[in-house]
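In what follows, a structure is listed as structure tokens, so that the remarks can point back to it.
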Amino acid sequence: MSANIFLAPPSIFYGTGAIMEASDKLASLGKKALIVSGKSAVRLDYVKQVTDILEQSNIESVVYDNIDAEPDDGHVSKGVEFYQSNSCDFLIAIGGGSPLDAAKAIGLMLTNSGQISDYMGLGKVKEAIPPLVAIPTTAGTGSEVTQYTIINDISNDVKMLIGSPYLIPKVAIVDPLLTVSVPSGVTAATGIDALTHAIEGYTSIKNQPLTDNLALSAISRIANNLRVACSEGDNQEARTEMILAAMEAGMVINNSSVTLVHGMSRPIGALFHVPHGVSNALLLGECLDYAKEGHLERFSQVAKAMGVSDKGSDLELATAGIEEIKNLCADIGIPDILDLGIDKEEFLAQLDKMANDALASGSPANTYCQPTKSDIIEIYKQLL
Ligand SMILES: NC(=O)c1ccc[n+]([C@@H]2O[C@H](COP(=O)([O-])OP(=O)(O)OC[C@H]3O[C@@H](n4cnc5c(N)ncnc54)[C@H](O)[C@@H]3O)[C@@H](O)[C@H]2O)c1
Ligand SMILES: [Fe+2]
124 MSANIFLAPP SIFYGTGAIM EASDKLASLG KKALIVSGKS AVRLDYVKQV TDILEQSNIE
184 SVVYDNIDAE PDDGHVSKGV EFYQSNSCDF LIAIGGGSPL DAAKAIGLML TNSGQISDYM
244 GLGKVKEAIP PLVAIPTTAG TGSEVTQYTI INDISNDVKM LIGSPYLIPK VAIVDPLLTV
304 SVPSGVTAAT GIDALTHAIE GYTSIKNQPL TDNLALSAIS RIANNLRVAC SEGDNQEART
364 EMILAAMEAG MVINNSSVTL VHGMSRPIGA LFHVPHGVSN ALLLGECLDY AKEGHLERFS
424 QVAKAMGVSD KGSDLELATA GIEEIKNLCA DIGIPDILDL GIDKEEFLAQ LDKMANDALA
484 SGSPANTYCQ PTKSDIIEIY KQLL
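Terminal number for the sequence shown in this note's numbering: 507, no gaps in between.
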């Protein structure tokens, strides 16, 4: 075994009631918090749960609730101004991956100079960010445990991947009760995002023993619970399994990276404003069909974790597993690319830029079958 490093937040509180369990920790990180969220977390009183805890410990807070969509550089600079003008000294993010990522990027720009785009890529952040608490309200991105933030660079239509150990939250608080209100369509998209993380990390050239078990566990939790979480939103058991899976899958990509699907998904998100989980889901089946030949044995393990029969050759199992993933996407109502209102001609006109941006992100190079630019263009065409 070659040497590996496994990174995770120093404290993870998880399970029903995790927010209350973490109250002493929450109140120990500073004197005034900037709470980064979106309108849904305010409306559902999730933000109030946090401010109540802070008030009990005489910790002040202000709420920046502008992150209702996937964040861009403008959201980040406004958040930095808000933090500074309110003399905050730590960050609490509560919401889907969008507010969590926004808070990481705000933290980055508070302690590092220049523009957010200067930090695109891995390992470019120089200084530690203020203490950050991440509280997810979707079961998908796993951002609460990852070193990544994804920020739209509006002027260049690029979804920037920024990764640094400094961006790993100090505290993650993972409470399934915060996800029972997620609508079915968002549950489906975010659940497929988590599934994609687990499969990509497991089949990445950067796979490692510690993430292998987390990945297979996440895949089987999702195979067994995502349909129920979508059809019965208040099923707490399914919600618990899904948020555990999302966290496991977050730890997988934090240490073993994503591959082809995420590399190709970000350009679709940047140019056509498709939610992240949906753009992954559109690509998942086609990308796995392409990638499976690179490591049939790993793809057959994915199939077994998905619950398909364990009889047959690695090729037969890998193929059956990918069919099961396509069935899952269909059962939970993942739309077709043309149903999303994307114009076919416009999509074809962007193929060159999308393929270049996908390759430039570095993620496709983590795939065992190393895709070329023309392979990537062919996969994009198969979506139409
Ligand atoms: N940092 C990482 O490691 C990482 C990994 C994968 C994806 N991402 C990024 O995360 C972003 C997507 O995050 P997301 O998929 O969680 O979506 P999101 O945060 O954009 O939320 C999607 C929608 O769900 C709503 N919502 C969230 N929680 C809710 C709740 N509990 N009840 C009702 N509504 C709720 C939001 O208001 C929003 O309208 C993308 O920008 C993606 O690129 C980051
Ligand atoms: Fe993702």
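Positions of the beta carbon are idealized from the N, C-alpha and C atoms, including for glycine.
CA nearest to the CA of residue i, picked from the options
{"i": "Asp466", "options": "Val294, Val397 and Thr313", "result": "Val397"}
{"i": "His399", "options": "Thr363, Ile328, Ala311 and Ser379", "result": "Ala311"}
{"i": "Glu501", "options": "Gly246, Thr382, Cys410 and Glu469", "result": "Cys410"}
{"i": "Ala368", "options": "Cys353, Asp357, Leu394 and Ala338", "result": "Ala338"}
{"i": "Ala295", "options": "Pro133, Met477 and Leu474", "result": "Pro133"}
{"i": "Pro80", "options": "Phe136, Thr272 and Asp480", "result": "Missing from the structure shown is residue 80; the chain here goes from 124 to 507 and no further."}
{"i": "Ile182", "options": "Asp196, Ala352, Phe205 and Lys155", "result": "Lys155"}
{"i": "Leu309", "options": "Asn275, Lys329 and Arg362", "result": "It is worth fixing the name first, because residue 309 is Val in this sequence and not Leu. It is Arg362 whose Cα lies nearest to the Cα of Val309."}
Straight-line gap, residue i to residue j (C-alpha atoms, nearest Å)
{"i": "Gly386", "j": "Leu223", "result": "20 Å"}
{"i": "Gly230", "j": "Asn450", "result": "40 Å"}
{"i": "Ile448", "j": "Met429", "result": "8 Å"}
{"i": "Ser304", "j": "Met124", "result": "43 Å"}
{"i": "Thr264", "j": "Ser200", "result": "23 Å"}
{"i": "Val256", "j": "Gly286", "result": "17 Å"}
{"i": "Glu371", "j": "Gln179", "result": "32 Å"}
{"i": "Lys148", "j": "Thr326", "result": "36 Å"}
{"i": "Asp241", "j": "His198", "result": "16 Å"}
{"i": "Ser184", "j": "Leu177", "result": "8 Å"}
{"i": "Asp191", "j": "Asp433", "result": "43 Å"}
{"i": "Arg350", "j": "Gln172", "result": "29 Å"}
{"i": "Ala207", "j": "Thr269", "result": "It should be pointed out that residue 207 corresponds to Gln in this sequence rather than to Ala. Those two C-alpha atoms are separated by around 25 Å."}
{"i": "Ala426", "j": "Thr442", "result": "8 Å"}
{"i": "Ile277", "j": "Ser221", "result": "15 Å"}
{"i": "Asp437", "j": "Tyr491", "result": "16 Å"}
{"i": "Leu315", "j": "Asp335", "result": "The question names Leu, but residue 315 is Ile in the sequence shown. Taking the straight line joining both Cα atoms gives about 18 Å."}
{"i": "Glu514", "j": "Asn275", "result": "The chain is shown from 124 up to 507; residue 514 falls before or after that span and cannot be answered."}
{"i": "Pro494", "j": "Phe422", "result": "17 Å"}
Any non-hydrogen atom of ligand 2 within 7 Å of residue i CB
{"i": "Asn548", "result": "Past the boundaries of the shown model lies residue 548; the chain is included only from 124 to 507, so the question cannot be answered."}
{"i": "Asp454", "result": "no"}
{"i": "Asp316", "result": "yes"}
Ligand 1 heavy atom lying under 7 Å from the CB of residue i
{"i": "Lys171", "result": "no"}
{"i": "Leu301", "result": "yes"}
{"i": "His418", "result": "no"}
{"i": "Ser221", "result": "yes"}
{"i": "Gly373", "result": "yes"}
{"i": "Asp480", "result": "no"}
{"i": "Leu167", "result": "yes"}
{"i": "Ala192", "result": "yes"}
{"i": "Val297", "result": "no"}
Any C-beta of chain B under 8 Å from that of residue i
{"i": "Ile285", "result": "Looking for chain B here will not work: only one protein chain is present."}
(message) My parser needs the beta strand (DSSP E) runs of 3 or more residues fully inside the stretch 180-207; what are they?
(response) DSSP runs (the beta strand (DSSP E)) wholly in the stretch 180-207: 183-187.
(request) Could I get the ranges of all uninterrupted alpha helix (DSSP H) runs contained in the stretch 278-347, with 4 residues as the minimum, in chain order? (result) The alpha helix (DSSP H) runs lying completely inside the stretch 278-347 and spanning 4 residues or more are 307-325, given in chain order.
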